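Below is one structure; the comments refer to it alone.
Protein chains: 2
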Amino acid sequence: MSQQRHGSTPGNTGAVPAFPDLPEATIARLPEYLRALHNLAESGSETVSSEGLAAAAGVNSAKLRKDLSHLGSYGTRGVGYDVALLIDQIEYILGLDQRRAVALVGVGNLGHALAGYDGFASRGFRIVALFDSDAEQVGKPLGGLTVRHIDELGRAVVEEGITIGVIATPAGAAQAVADDLVAAGVTSILNFAPCVLSVPPGVDVRKVDLAIELQILSFHEHRKASLTAIPGGRSAQPGNQEAVGS
Amino acid sequence: MSQQRHGSTPGNTGAVPAFPDLPEATIARLPEYLRALHNLAESGSETVSSEGLAAAAGVNSAKLRKDLSHLGSYGTRGVGYDVALLIDQIEYILGLDQRRAVALVGVGNLGHALAGYDGFASRGFRIVALFDSDAEQVGKPLGGLTVRHIDELGRAVVEEGITIGVIATPAGAAQAVADDLVAAGVTSILNFAPCVLSVPPGVDVRKVDLAIELQILSFHEHRKASLTAIPGGRSAQPGNQEAVGS
DNA sequence: CGCGATTTGTGCACGCCTTCACAAGCGCCT
DNA sequence: AGGCGCTTGTGAAGGCGTGCACAAATCGCG
């Protein structure tokens, strides 16, 4: 975690409700809280304590309370948080009430899986267009959509109201695709290609590199092995849960 | 980002080289540096300055120097870093010289893509076994391997020397699979299921939730939209690169 | 051999995030 | 109505990570 520091809203005296200036670390945890809350709602819970929700989300209860306090006071002392109300609040903050339209570029190995991943639809996103530069792929049906050539991206972004682009191409093509997405008006990019993208100010990029996650685990394996090898090294360390994305 | 605080190596006076106690944030960036270094090596560079490598990895040069200084002094003032030497060092630290054996559990939509992802093999990992609980899937060939029933996991872990498990099952099955992996002796787990896993001390879990990444981007879209809507809101913010992990 | 240009390695200060500990508030029971 | 137990919300402290700015070190050239 590093940059991504955005300006606040200085003299916001308009009728529009002030957009809360949440810490980046808090934002990254809100989706996790949201998922836990949906589970609780399904199991019939009306309210939940910070302790209970924290356990379900895998975090410290103090951290959870501080995170939620940034959104405003939606809890009742002595009782807990109203599950349904909190769900609405978090979904509003995250902008999920708009069911954002997503474009997926690159329908190779990974792209196929992403196009068919039902976890997107169930959590507020619609993949509305698939693109590829390979003529072999263009025209093929995939998950209810037809793969289109990347030249059509600009038009599709406008017509479908796309605001988020997902890049699942090889690393060599990723920068060109990013440029195309930006030119088309997309301002948020999720990049699965193992490379650094250069984008203009105002465009947000998040990166997911599957191999990097394994390499981090590999480091801890290496460390654990070296600890158990030396005399005095303990074989059990308090290693534990760790989420990506900070 | 949160826990994962491991004990240091107190009285390490043995012949085994002291395992460096790297900050977690540094560890998360090492794989990125490694990728950039491989690119540089391929293009024929013998040495690289901190400025150059930082640009290739998408970070600040001061941060890069501090990160590398934790590994020891492998640079030459006035010249830069020896690319080949640094690659060896980082690969050693990350434990990649052992080409770790990985087990993949769940060959559904996402599992298929992971099994065929060549980015693993090219970066030090071998997927050596595929598992599923669905009898329909068991026996099918996939990426040069045959899908096995999850009951065989314990035996396979020992025989193949598996140290890392990847969970690509639905959320409902993930905890049971994690328990099986731990029981079989696996001490590192990469979890793609959208749920919190409970594991004993000494086992490391990293989580990748594709929908969460989109939700974080959605938040920034929402924020940007609300900024441009109010008078005085600027339409271009210094949003920028942001990696997951850490 | 000495000097200047270049680049690393790091001490320091700042800011963010986490965690503790507790006061304030709410509901329930008597 | 009053008191008691429970839970939230938050002030303060501590730790971690980042980035600046500079001293130390190395190479190349005259």
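Protein chains in written order, with our numbering: chain Z, 1 to 246; chain Y, 1 to 246.
All C-beta atoms, glycine included, are put in the ideal place defined by N, C-alpha and C.
These numbers come from a predicted model, not from an experiment.
- Contact of L68 (chain Z) with chain Y is not assigned, every C-beta pair being separated by 8 Å or more.
- Annotation: A129 (chain Y) is outside any alpha helix (DSSP H); the continuous beta strand (DSSP E) that includes it extends over 125-132.
- Using a Cβ distance threshold of 8 Å, V199 (chain Y) and V157 (chain Y) do not count as a contacting pair.
- With a beta-carbon spacing of about 6 Å, A28 (chain Z) and I216 (chain Y) fall inside the 8 Å limit used to define contacts.
- For L104 (chain Z), no Cβ of chain Y is located within less than 8 Å of the residue's own Cβ.
- Between F192 (chain Y) and L214 (chain Z) the beta-carbon gap is near 12 Å, outside 8 Å, which marks them as no contact.
- Contact fails between the stretch 169-180 of chain Y and the stretch 134-147 of chain Y, because fewer than three Cβ pairs, one in each stretch, are under 8 Å apart.
- Here DSSP, grouped into helix, strand and coil, assigns N191 (chain Y) to strand.
- Between E160 (chain Z) and chain Y, the shortest Cβ-Cβ separation is not below 8 Å.
- For F125 (chain Z), the closest Cβ of chain Y is nearer than 8 Å.
- At a cut-off of 8 Å between beta carbons, H38 (chain Z) makes no contact with chain Y.
- When secondary structure is reduced to three states using DSSP, L197 (chain Y) falls in the coil class, being assigned neither helix nor strand.
- When secondary structure is reduced to three states using DSSP, L142 (chain Z) falls in the strand class.
- Put simply, the CB of L71 (chain Z) is far from chain Y, with every gap to its CB atoms at 8 Å or more.
- According to the DSSP assignment, T26 (chain Z) belongs to the alpha helix (DSSP H) that extends over 24-42.
- Look at P194 (chain Z): its C-beta is under 8 Å from a C-beta on chain Y.
- Here DSSP, grouped into helix, strand and coil, assigns T169 (chain Y) to coil.
- L94 (chain Y) sits in coil when the DSSP states are folded into three classes, being neither helix nor strand.
- In terms of beta-carbon proximity, Q215 (chain Y) lines the interface with chain Z, with at least one pair separated by less than 8 Å.
- The residues P20, L22, L30, L71, in chain order, have a CB closer than 8 Å to that of I93 (chain Y) in the same chain once the five nearest residues on each side in sequence are set aside.
- Looking at the DSSP output, I162 (chain Z) sits in a beta bridge with Z:A101.
- Z:L104 is the residue among Z:L104, Z:R206, Z:A113 whose C-alpha sits nearest the C-alpha of I167 (chain Z).
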